[in-house]
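In full-length UniProt numbering, the protein residues as written are 1 to 511. Structure, as structure tokens:
Right, dumping it as structure tokens:
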């Protein structure tokens with residue numbers, strides 16, 4: 001299979017298909033045109049290999065991460081080299097605004113010049129000549145030149161979303177999948193193989209914890225060591241040079257909101273020769289792990305990125321070499337396991353990305369305001385934006401300026417019974433929010449983590465991870481006015497009897 005995230009090595013600069021459209025502004029995949037497209041409209045003939053236009057100037061959507069080596073005669077026959085993502089120094093001020101990068105990766109025009117891109121809903125794609133199909137399967141022609149075979153392999157609409165996700169995270173490439181768990185499992189299987197070793201954070205989303213604790217050891221022989229990710233000496237000791245394939249963490253832990261020191265963890269990974277994989281589901285736009293040194297970033301796109309609680313999707317953002325290897329016909333986890341994103345889903349998500357930064361800022365603003373007020377009421381609240389959170393300074397140093405500290409907060413009500421009573425009043429009596437798992441919705445979502453999203457963990461594992469029985473996880477929404485929602489919260493809290501006792505804050509993430 002021809003790699004989609006590089007120019008064709010046999011015919012550099014030659015582009016076919018929609019790249020020749022007069023409406024075309026950006027190339028399928030990761031690259032876009034830097035010279036004017038040809039005036040003639042030869043889309044169908046070019047797509048099927050009858051003729052091709054030569055476009056002399058091409059650039060990747062992440063030009064700072066790419067380079068082209070040209071020889072003295074102009075570079076004929078040279079491959080477009082994809083350079084590693086530049087590692088950013090620690091500190092939020094050193095990281096660019098992902099919203100700016102996303103705006104620079106403008107989506108393509110529609111088939112007939114529409115301001116929205118077209119949806120390529122086909123499962124399979126035609127050719128005009130049998131020889132073209134042979135060349136596609138042999139790897140001579142690929143999606144980087146607008147040659148498509150089958151949507152489980154590559155789909156133009158899905159690749160366009162991948163280009164946008166790569167821009168947000170600052171990676172060379174990205175591939176979007178059918179769910180967040182399919183993204184996580186595919187990356188781990190690809191990087192570890194049979195019998196590999198993983199060092200992972202002790203506190204992870206319950207499904208990820210189950211994948212690492214049970215499924216991958218049983219099905220693939222993968223060995224896993226769980227550590228307190230805040231103890232860098234313990235992390236360094238757990239990583240075994242030559243054996244450990246992946247160091248796996250969440251930027252902001254689900255549900256305890258512990259923050260991973262991505263720059264220092266990245267340094268450990270480089271020192272030990274392993275890959276740092278970061279789940280950034282809780283902090284899109286807020287933190288850019290790849291710009292801080294992470295090798296791979298995964299997302300459950302279903303959450304904040306989607307924003308509507310109506311889509312299941314995932315994304316893998318990382319080096320082009322990794323994404324290409326995952327789509328290999330013989331050895332690729334994405335290609336062979338087939339967690340394919342539907343093109344209509346990709347279109348829906350792509351249309352929501354331009355206002356992701358605005359949504360995240362409002363999620364974060366309200367979360368900080370609620371957490372501050374809850375603390376004044378004497379509630380045991382955990383939120384990285386509060387100055388008494390043990391990782392407040394860390395998150396402030398690695399966060400992108402202007403976004404805040406995330407849209408998630410936790411309340412420890414002391415017992416599961418008390419937590420459930422509060423949530424029932426918040427939903428059924430005052431309409432503050434909804435009792436539901438997931439996050440990133442415009443309504444506030446709340447769940448008792450120990451009996452829901454972390455229930456895959458044993459009681460002992462939850463205790464070690466700092467997940468108490470009465471921990472309520474809130475994904476703070478932005479519907480209604482802030483004062484309206486706060487009044488609803490106060491009324492629900494007043495219905496609990498006796499009221500929670502006031503005490504000095506003890507963050508719920510204590511391990």
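Note that the Cβ used here is the ideal one computed from N, Cα and C, for glycine as well.
Chain-order list of residues whose beta-carbon lies under 6 Å from that of residue i (same chain, five-residue window excluded)
i	result
residue 286	399, 403 and 406
residue 162	174, 175 and 176
residue 425	492 and 495
residue 152	338 and 340
residue 272	239 and 241
residue 225	199 and 238
residue 220	194
residue 106	none
residue 355	none
residue 321	none
Counted within 10 angstroms of its Cβ, other Cβ atoms place residue i as buried (16 or more) or exposed
i	result
residue 56	Because residue 56 sits at a pLDDT of 26, beneath the cut-off of 50, its placement in the model cannot be relied upon, and the point is left open.
residue 242	exposed
residue 143	buried
residue 12	Low confidence applies to residue 12: its pLDDT is 30, below 50, so where it sits in the model is not reliable, and the reading given next is rough at best. Buried: at least 16 other Cβ atoms inside 10 Å.
residue 412	buried
residue 358	exposed
residue 294	buried
residue 363	buried
residue 100	exposed
residue 156	buried
residue 419	buried
Proximity below 8 Å, CB of residue i to CB of residue j
i	j	result
residue 202	residue 227	yes
residue 296	residue 316	yes
residue 277	residue 158	no
residue 383	residue 486	no
residue 167	residue 104	yes
residue 179	residue 312	yes
residue 275	residue 216	no
residue 319	residue 449	no
residue 270	residue 307	no
Cβ-based neighbour list, residue i, same chain, cut-off 8 Å, excluding 5 preceding and 5 following
i	result
residue 232	261, 264, 265 and 268
residue 335	1, 152, 153, 326, 327, 328 and 329
residue 181	207, 208, 211, 300 and 314
Integer Cβ distance of residue i from residue j, believed to fall under 8 Å
i	j	result
residue 367	residue 409	5 Å
residue 222	residue 195	7 Å
residue 392	residue 258	12 Å between Cβ atoms; not a contact.
residue 169	residue 290	5 Å
residue 288	residue 98	6 Å
residue 184	residue 298	5 Å
residue 150	residue 123	7 Å
residue 476	residue 444	6 Å
residue 117	residue 160	6 Å
Proximal residues to residue i (C-beta, below 7 Å), its chain only, five neighbours per side dropped
i	result
residue 50	Confidence in residue 50 is poor, its pLDDT being 36 and thus under 50, which makes the residue's placement too unreliable to answer from.
residue 332	325 and 326
residue 431	488
C-beta neighbour in chain C for residue i, strict 8 Å
i	result
residue 358	No chain C appears in this structure, which consists of one protein chain only.
- Message: Taking 8 Å as the cut-off, does the stretch 230-250 touch the stretch 397-406 (at least 3 CB pairs, one atom from each stretch)?
- Response: no
- Message: Taking contact to mean 3 or more Cβ pairs, one atom from each stretch, closer than 8 Å, check whether the stretch 341-361 and the stretch 321-331 are in contact.
- Response: no
- Task: Would you check if the stretch 201-218 and the stretch 250-258 touch, i.e. whether three or more CB-CB distances between them fall below 8 Å?
- Result: yes
- Are at least three pairs of beta-carbons, each pair with one atom in the stretch 367-383 and one in the stretch 419-438, less than 8 Å apart? no
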